[in-house]
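Just so it is clear: in the sequence shown, position 174 is 1500 by the working numbering, and no numbers are missing.
Backbone N, C-alpha and C define an ideal beta-carbon position, used for all residues, glycine too.
First the structure, in the form of structure tokens, and then the observations on it.
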Amino acid sequence: GLSSHLQRACARRIHRAGSDPFDDDRRGHAAGSAHRDQAAFEVATLEFVDAATVSAPTTGTITSTVADGSTIEAGTVVATIDSAPVVALYGDVPSYRDLDAASSDGVDVYQLETNLVALGFDPEGNIEIDRSFDSATTSAVELWQASLGIDEDGEVLQSLVVYVPGKILVDGAPAAIGS
């Protein structure tokens, strides 16, 4: 059996939202291994990332921002710049180019497709989450654009998206409206 010290350590295990504490592959065990049953875990989920700075992906005049104390999640309009929305999506790679059906394959397309599906903009399940911006991605982008009240042209401008590492609690908006 496990020592009481190890049992207490296992009981305190905390994992990030969306991770699986029983993911055998991540722990180095074969999937379905008996190791899963050797320790009981009391799991707490962290609701917010530790800290993140959200910077506008474009220049212009700030016409609105999220309020202090607000929660930023995927799909949140974090600001408007020159009255155009800037939308938070989850991802690790910053927005670095405009995306459309003519774009070369890339991880940024993968991030975008993952978010579009998670946010419900692929109601028919046509998107294959990969690195390719295809007609299914274009259709989902057009639905998303309609929900934002912007032109439904299937193109995602770099200035439309800011990628964040996870859910964020706003504890200060350093940029003022009009700046």
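For Y1422, three-class secondary structure by DSSP: The DSSP-derived three-state label of Y1422 is coil.
DSSP on I1503, reduced to helix/strand/coil? I1503: coil per DSSP, three-state reduction.
Is it buried or exposed, N1441, if we count other Cβ atoms within 10 angstroms and call 16 or more buried? Buried.
Can you tell me where the beta strand (DSSP E) holding V1412 begins and where it ends? Unbroken beta strand (DSSP E) run through V1412: 1410 to 1416.
Going by beta carbon distance, what residues of the same chain come within less than 6 angstroms of D1431, once the five residues before and after it are set aside? By the criterion of a C-beta distance shorter than 6 angstroms, D1431 is surrounded in its chain by R1457, S1458, once the five residues flanking it on both sides are discounted.
Helix, strand or coil: how does DSSP classify V1392 here? Here V1392 sits in coil by DSSP.
Boundaries of the alpha helix (DSSP H) in which V1404 is found, first to last residue: From DSSP, V1404 is part of no alpha helix (DSSP H) but of the beta strand (DSSP E) over 1403 to 1407.
Coil, strand or helix - L1483 by DSSP: L1483 sits in coil when the DSSP states are folded into three classes, being neither helix nor strand.
Since N1441 is in the alpha helix (DSSP H), which residue starts that stretch and which ends it? Annotation: the continuous alpha helix (DSSP H) that includes N1441 extends over 1433 to 1444.
Using C-beta distances below 7 angstroms, list every residue in its chain close to S1390, excluding the 5 sequence neighbours before and after it, in chain order. Excluding residues up to 5 positions away in sequence, A1405, T1406, I1503 lie with their Cβ nearer than 7 angstroms to the Cβ of S1390 in the same chain.
Would you give the residue range spanned by the alpha helix (DSSP H) that E1454 belongs to? From DSSP, E1454 is part of no alpha helix (DSSP H); its letter is neither H nor E.
Quickly, what does DSSP pair V1490 with across the bridge? List them, please. According to DSSP, which records beta bridges pairwise, V1490 is partnered with Y1416.
Which of helix, strand or coil does DSSP assign to T1397? Assigned with DSSP and collapsed to three states, T1397 falls in strand.
For P1411, does the count of other Cβ atoms within 10 angstroms reach 16, so buried, or fall short, so exposed? Buried, by the Cβ-count rule.
Using the C-alpha atoms, what's the distance from S1461 back to A1428? A1428 and S1461: Cα-Cα distance of roughly 10 angstroms.
State the start and end residues of the unbroken alpha helix (DSSP H) segment that holds S1429. Annotation for S1429: no alpha helix (DSSP H) segment contains it, and DSSP assigns it neither H nor E.
Anticipated Cβ contact below 8 angstroms, L1415 with V1487, distance rounded: With 8 angstroms as the limit, L1415 and V1487 qualify as a contact, their Cβ atoms being about 6 angstroms apart.
Confirm, please, whether the CB-CB distance from Q1471 to R1423 is below 7 angstroms. No, the pair does not count as a contact, with Cβ atoms beyond the cut-off.
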